[in-house]
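Following: one structure in structure tokens, then a few remarks.
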Amino acid sequence: MVDESRDVSETEQLFIVVRYFLNGSIYERFLRFKSSKMLDAASLYSYGKERLSRCRILVENGIDKHDIPDEKKSQELGDQFTEIYIKKSENVTLLLDLMEEFEFKVRWPAVRLLTGLLIHRPKEVQECVLISPMGVSRLMDLLSDSREVIRNDALLLLSHLTKANANIQKIVAFENAFDRLLDIIVDEGCSDGGVVVEDCLVVLLHLLKNNSSNQNFFKEGSYIQRLSPFFNYHQEGQGAEESGGDGSSSQQGWSAQKVSNIFHMLQVVRSLVSPSSPLNVTSSCQKAMNQSGLLEQLANILMASGVPADILTETINTVAEVIRGHHNNQEYFASVNAPSSPPRPAIVVLLMSMVNEKQPFVLRCAVLYCFQCFLYKNELGQAQIIQTLLPTSADITSVTAGQLLCGGLFSADPLSNWFAAVALSHALVDNPTQKEQLLRVQLATSVGNPPVSLMRQCTAILQQGGKLQTRLGLLMLMSTWLANCTLAVTHFLNIPTNIPYLTSQVSLAEGDEHEDLVQSLCAFLLGICIEFNDDSVPSFTRDSLCQLLVKRVGLDTFVDKLVAIPKQECYSQAAQKPQLKYKHPSEVFFDYEFCRLFKSLEVAAGGGQGDSKSPSPELDQTKKELDDLRKQHEELQLELNSLKDEQAQQSVAAESATIPSAPPLPVDREADAAAQAELTALKEKVASLQTEIASLQEQNKSLQQEKATSEEELQTIRKEQEDLLVMLTEQDSRISKLKERLKEHGEEVSSFF
Numbered sequence: 001m002v003d004e005s006r007d008v009s010e011t012e013q014l015f016i017v018v019r020y021f022l023n024g025s026i027y028e029r030f031l032r033f034k035s036s037k038m039l040d041a042a043s044l045y046s047y048g049k050e051r052l053s054r055c056r057i058l059v060e061n062g063i064d065k066h067d068i069p070d071e072k073k074s075q076e077l078g079d080q081f082t083e084i085y086i087k088k089s090e091n092v093t094l095l096l097d098l099m100e101e102f103e104f105k106v107r108w109p110a111v112r113l114l115t116g117l118l119i120h121r122p123k124e125v126q127e128c129v130l131i132s133p134m135g136v137s138r139l140m141d142l143l144s145d146s147r148e149v150i151r152n153d154a155l156l157l158l159s160h161l162t163k164a165n166a167n168i169q170k171i172v173a174f175e176n177a178f179d180r181l182l183d184i185i186v187d188e189g190c191s192d193g194g195v196v197v198e199d200c201l202v203v204l205l206h207l208l209k210n211n212s213s214n215q216n217f218f219k220e221g222s223y224i225q226r227l228s229p230f231f232n233y234h235q236e237g238q239g240a241e242e243s244g245g246d247g248s249s250s251q252q253g254w255s256a257q258k259v260s261n262i263f264h265m266l267q268v269v270r271s272l273v274s275p276s277s278p279l280n281v282t283s284s285c286q287k288a289m290n291q292s293g294l295l296e297q298l299a300n301i302l303m304a305s306g307v308p309a310d311i312l313t314e315t316i317n318t319v320a321e322v323i324r325g326h327h328n329n330q331e332y333f334a335s336v337n338a339p340s341s342p343p344r345p346a347i348v349v350l351l352m353s354m355v356n357e358k359q360p361f362v363l364r365c366a367v368l369y370c371f372q373c374f375l376y377k378n379e380l381g382q383a384q385i386i387q388t389l390l391p392t393s394a395d396i397t398s399v400t401a402g403q404l405l406c407g408g409l410f411s412a413d414p415l416s417n418w419f420a421a422v423a424l425s426h427a428l429v430d431n432p433t434q435k436e437q438l439l440r441v442q443l444a445t446s447v448g449n450p451p452v453s454l455m456r457q458c459t460a461i462l463q464q465g466g467k468l469q470t471r472l473g474l475l476m477l478m479s480t481w482l483a484n485c486t487l488a489v490t491h492f493l494n495i496p497t498n499i500p501y502l503t504s505q506v507s508l509a510e511g512d513e514h515e516d517l518v519q520s521l522c523a524f525l526l527g528i529c530i531e532f533n534d535d536s537v538p539s540f541t542r543d544s545l546c547q548l549l550v551k552r553v554g555l556d557t558f559v560d561k562l563v564a565i566p567k568q569e570c571y572s573q574a575a576q577k578p579q580l581k582y583k584h585p586s587e588v589f590f591d592y593e594f595c596r597l598f599k600s601l602e603v604a605a606g607g608g609q610g611d612s613k614s615p616s617p618e619l620d621q622t623k624k625e626l627d628d629l630r631k632q633h634e635e636l637q638l639e640l641n642s643l644k645d646e647q648a649q650q651s652v653a654a655e656s657a658t659i660p661s662a663p664p665l666p667v668d669r670e671a672d673a674a675a676q677a678e679l680t681a682l683k684e685k686v687a688s689l690q691t692e693i694a695s696l697q698e699q700n701k702s703l704q705q706e707k708a709t710s711e712e713e714l715q716t717i718r719k720e721q722e723d724l725l726v727m728l729t730e731q732d733s734r735i736s737k738l739k740e741r742l743k744e745h746g747e748e749v750s751s752f753f
């Protein structure tokens, strides 16, 4: 058996190996071979080396390219070999056993073979490693191997082993992986190191991303403090720039590998403070990053010159998540100044890039994300931004954040309009005080003309038409501004052209997909004007707006426009995560916070209709009858009280009357008897009406319950429909793959399907 496949082609070797595996376990064969007393250690190593080398070649390369030049078929043969090999988990255990052998020609092929198996069948091989006794521990010991080839290949193995498997990630972390990986990174030169540093960072990223247990362990083990030296490069770069004059020597230090290393380390930092992680873990990591000086180093990179665009963009995103929702970190970032003359706040420098259309698109998105994170749950920061927009008696010579936002809001670049509008809206999120303060902002439109309010200027630009992104940005800003702020709604309604513009947009026939977005946002803004209307504007009270909506737009059309927003793919994409993940400027439509606002107010803005196109007629009729009965009850109650007062007066007059006035008594008694009879009749009528009211209330309650039940059933049916569509798609994909495989094997597809 040892020499059976020595002088044949790679293709023939594959089938020989497959035949061996089908006839019995390679693990059993190896044990029998190993237990033979006729063999010495040298023969054992020779056998193990030869078998492992052949298996490794088959897994990594599939077959010899001279036999079958098709790379796809080569990959498929590698998949087939892996599938056969891992049918028995003992075969994977064999590899783990062989890794304990120090002999290079045995250990190294075993590492390469297991890596190849993981590439072809990651989930299955991961399960085999998990059930193997001390399987993960044996692999971790490879990082201590003095031979760099084995250690480096072990890093590649771990990067595949730890991918998307939380159980293995936890075991690897508790096998002292963080210490070992960080030690290797330091030994290899941190950011100036080679590809080995990148491999270590990939493993670190797999261990920490979406794994709150490992994130907490990393923080509690004080490993965050060990990340700071990785970013010390900027001091050397700045020194070189100062000595070189033009910064060319600094630029020369940015090799492609260094860029990749720093990029991966930034991703490691972001994995610890991701908004999707548990709040307690994120908050503790943010605190540690500030205390360890890591946030300061990241801010220095942010303000340094000569930083490659990719690194600068990722650094901005990293700083954004380090400060997001953490008050102390937000305060520190507000105090950071750029090394310019005169010094400018970092926020101002970033906003200058955001509203500059010549800057890279992804960089502008990153700046907006950083600005959003700075204002997230930061009322002081929101107030500071709005303050830069308000009139002041002080002589301001430097550029402010407010000036930049206004400049971007009214520039000729539609993307700058969108960025500025969204940025300004984040200064208003969940902050009614600043919404009212923003009403004070006055703009000087031209020399000699009186200033106009910011709201009036925004609505004027909106009504002029313009580019899609300009209108969407302004509509999102106005929606955020007016939501939960009756004073802002009053100011909006006092501009006489606003409501006619909104109703005309909502009543338009459906246009292209993008115009539908504008019409839907106009419907949402109109709904906000109704919901938060305090009736202080006589011409546009809540009732009059409702009547106008029904007459000019139609309730069905209005609700259709509203429910169309969540169905848009761009809405679903924006609603997933706070960070903007747009790849191209043409994809920019919605913002995460606006999606959150829409979701919270969708029902209220739609008059409580939700997904239904019209209210229940029976429910409306019942409500109307109930209101009429209540009014009738109040009128009868007033009449009853009046009769009681009249009866009391007559009683007093009768008691005070003298004897000569006795003859009129029969008349008074008759009137009293008539009043008593009428009072009794009224009481009976009131009791009857109260009974009828109670009955109608029960009927109303029953209808409400039926409506809620129907809505729940509708949601359940929709979810089941979505699940079925997903299953059908997966089934179609599987059928297509099976058809392809059957065709490749020469089978008739029609006989099976």
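The UniProt record's numbering applies: residue 1 is where the sequence shown begins, and numbers increase by one. From the three backbone atoms N, C-alpha and C, an ideal C-beta is built for every residue, glycine too.
Measure the alpha-carbon distance for residue 226 versus residue 182 and round it to whole angstroms. Counted from its first residue, the sequence shown places residue 226 at position 226. Counted from its first residue, the sequence shown places residue 182 at position 182. Going by the C-alpha atoms only, they are around 8 Å apart.
Going by beta carbon distance, what residues of the same chain come within less than 7 Å of residue 591, once the five residues before and after it are set aside? As a first step, residue 591 must be located in the sequence shown, where it is residue number 591. Within the same chain, residue 591 has close Cβ partners 422, 476, 574.
Residues of its chain near residue 364, where Cβ-Cβ distance is below 7 Å and the 5 sequence neighbours each way are ignored: Position 364 of the sequence shown, counted from the start, is the residue given in the question as residue 364. So the qualifying residues of the chain are 353, 354, 419.
Comparing alpha-carbon positions, which option in 563, 588, 443 lies nearest residue 598? If you number the sequence shown from 1, residue 598 lands on position 598. The shortest C-alpha separation from residue 598 is found at 563.
Any chance the stretch 319-330 sits against the stretch 356-363, with 3 or more Cβ pairs inside 8 Å? no
Going straight from the alpha carbon of residue 549 to that of residue 277, what length do you get? Within the sequence shown, residue 549 is the residue found at index 549, counting from 1. Within the sequence shown, residue 277 is the residue found at index 277, counting from 1. Approximately 43 Å between the Cα atoms of the pair.
Please confirm whether residue 506 and residue 522 have their CB atoms less than 7 Å apart. By one-based count along the sequence shown, residue 506 stands at place 506. By one-based count along the sequence shown, residue 522 stands at place 522. The answer is yes: Cβ separation under 7 Å.
Residues in its own chain within less than 7 Å of residue 401 by CB, not counting five upstream and five downstream? Position 401 of the sequence shown, counted from the first residue, corresponds to residue 401. Here the set comprises 347, 348, 351, 385, 388.
Where residue 173 and residue 298 are concerned, what is the direct C-alpha to C-alpha distance, given to the nearest angstrom? Looking up residue 173 in the sequence shown gives position 173. Looking up residue 298 in the sequence shown gives position 298. Approximately 26 Å, taken between the alpha carbons.
Who does residue 453 pair with in a DSSP beta bridge? Residue 453 sits at position 453 when you count from the first residue of the sequence shown. Answer is 442, bridged to residue 453.
With three or more beta-carbon pairs closer than 8 Å as the criterion, would you say the stretch 455-475 touches the stretch 410-418? yes
Less than 7 Å between C-beta atoms, sequence neighbours within five positions excluded: which residues of the same chain meet that for residue 502? Your numbering for residue 502 matches position 502 in the sequence shown. The residues are 522, 525, 526.
Output the boundary residues of the alpha helix (DSSP H) element that contains residue 467. Taking the first residue of the sequence shown as position 1, residue 467 is located at position 467. Counting along the chain, residue 467 falls outside any alpha helix (DSSP H), and DSSP gives it neither H nor E.
Assuming residue 530 contacts residue 542 under a Cβ cut-off of 8 Å, what Cβ separation, rounded to an integer in Å, is found between them? Here residue 530 corresponds to residue number 530 of the sequence shown, with the count starting at 1. Here residue 542 corresponds to residue number 542 of the sequence shown, with the count starting at 1. Contact holds; Cβ gap of about 6 Å.
Assuming contact is defined by CB atoms lying nearer than 7 Å, are residue 424 and residue 443 in contact in what I supplied? Here residue 424 corresponds to residue number 424 of the sequence shown, with the count starting at 1. Here residue 443 corresponds to residue number 443 of the sequence shown, with the count starting at 1. No. Outside cutoff.
Report the three-state DSSP secondary structure of residue 700 (helix, strand or coil). For the purposes of this step, residue 700 is taken as residue 700 along the sequence shown, with counting starting at 1. If DSSP states are grouped into helix, strand and coil, residue 700 belongs with the helices.
Just mark residue 741 as buried or exposed, buried being the case when its beta carbon has 16 or more other beta carbons within 10 Å. For the purposes of this step, residue 741 is taken as the residue at position 741 of the sequence shown. Exposed.
Can you give me the C-alpha to C-alpha distance between residue 19 and residue 743, rounded to a whole angstrom? Stepping through the sequence shown from its first residue, residue 19 is reached at position 19. Stepping through the sequence shown from its first residue, residue 743 is reached at position 743. Model confidence at residue 19 stands at a pLDDT of 48, short of 50, so the residue's coordinates are unreliable; what they give is reported in the following sentence. Approximately 25 Å between the Cα atoms of the pair.
With which residues is residue 337 paired in a DSSP beta bridge? Taking the first residue of the sequence shown as position 1, residue 337 is located at position 337. 345, per the DSSP bridge assignment.
Note down, in chain order, each residue of its chain lying with its Cβ closer than 7 Å to the Cβ of residue 101, except the 5 sequence neighbours on either side. Reading the sequence shown from its first residue, position 101 is the one you call residue 101. Excluding sequence neighbours, residue 101 sits near 107.
For residue 153 and residue 195, the rounded distance between their alpha carbons: The sequence position of residue 195 within the sequence shown is 195, counting from 1. The sequence position of residue 153 within the sequence shown is 153, counting from 1. Looking at the two C-alpha atoms, the distance is approximately 12 Å.
Indicate whether residue 264 and residue 201 have their beta-carbon atoms separated by less than 7 Å. The residue given as residue 264 occupies position 264 in the sequence shown. The residue given as residue 201 occupies position 201 in the sequence shown. Yes, Cβ-Cβ distance for residue 264 and residue 201 is below 7 Å.
Cβ neighbour criterion (16 or more within 10 Å) applied to residue 433: On the sequence shown, position 433 is the one that residue 433 refers to. So residue 433 ends up on the exposed side.
Return the CA-CA distance between residue 457 and residue 535, expressed in angstroms with no decimal places. Taking the sequence shown and counting its residues from 1, the one referred to as residue 457 is at position 457. Taking the sequence shown and counting its residues from 1, the one referred to as residue 535 is at position 535. Approximately 24 Å between the Cα atoms of the pair.
Could you give the DSSP three-state label for residue 485: helix, strand or coil? Reading the sequence shown from its first residue, position 485 is the one you call residue 485. The answer is coil: DSSP assigns residue 485 none of H, G, I, E or B.
With distances taken Cα to Cα, identify the nearest neighbour of residue 205 among 361, 178, 131, 377. Here the question's residue 205 lines up with position 205 in the sequence shown. Residue 178 is the option with its Cα nearest to residue 205.
Could you round the C-beta distance between residue 439 and residue 487 to whole angstroms and report it? I think they count as a contact, below 8 Å. Within the sequence shown, numbered from 1, the residue matching residue 439 stands at position 439. Within the sequence shown, numbered from 1, the residue matching residue 487 stands at position 487. The Cβ separation is near 7 Å, so the contact holds.
May I have the straight-line CA-CA distance separating residue 151 from residue 336, to the nearest angstrom? Here residue 151 refers to the residue found at position 151 when the sequence shown is read from its first residue. Here residue 336 refers to the residue found at position 336 when the sequence shown is read from its first residue. Answer to the nearest angstrom: the Cα atoms are 42 Å apart.
If you count every other CB in all the chains shown that lies within 10 Å of the CB of residue 345, and 16 or more means buried, which is it? Locating residue 345 in the sequence shown gives position 345, counting from the first residue. The residue is buried, with at least 16 neighbouring Cβ atoms inside 10 Å.
Quick one: what's got a C-beta closer than 6 Å to residue 493's C-beta in the same chain, skipping five residues either side? What you label residue 493 is simply residue 493 of the sequence shown in a count that begins at 1. Cβ neighbours of residue 493 beyond the five flanking positions: 537, 540.
For residue 677, tell me which candidate among 640, 311, 189, 459 has the shortest Cα-Cα distance. One-based indexing of the sequence shown puts residue 677 at position 677. Considering only alpha carbons, the answer is 640.
Quick one: residues in its chain with C-beta nearer than 7 Å to the C-beta of residue 207, no 5 flanking neighbours on either side, listed in chain order? On the sequence shown, residue 207 is found 207 positions in, with the first residue counted as 1. Once the five neighbours on either side are set aside, the close Cβ partners of residue 207 are 162, 169, 172, 173, 177, 214.
How would you label residue 341, buried or exposed, when you count the other beta carbons within 10 angstroms and need 16 or more for buried? For the purposes of this step, residue 341 is identified with residue 341 of the sequence shown, where counting begins at 1. Burial call: exposed.
Cβ neighbour criterion (16 or more within 10 Å) applied to residue 637: Taking the first residue of the sequence shown as 1, we reach residue 637 at position 637. Looking at its Cβ environment, which holds fewer than 16 other Cβ atoms inside 10 Å, residue 637 is exposed.
Give me the Cα-Cα distance between residue 594 and residue 80, rounded to the nearest whole angstrom. Residue 594 sits at position 594 when you count from the first residue of the sequence shown. Residue 80 sits at position 80 when you count from the first residue of the sequence shown. In a straight line, the C-alpha of residue 594 is about 50 Å away from that of residue 80.
Taking 7 Å as the threshold (C-beta atoms), are residue 292 and residue 191 in contact? For the purposes of this step, residue 191 is taken as residue 191 along the sequence shown, with counting starting at 1. For the purposes of this step, residue 292 is taken as residue 292 along the sequence shown, with counting starting at 1. No, these two residues do not count as a Cβ contact at 7 Å.
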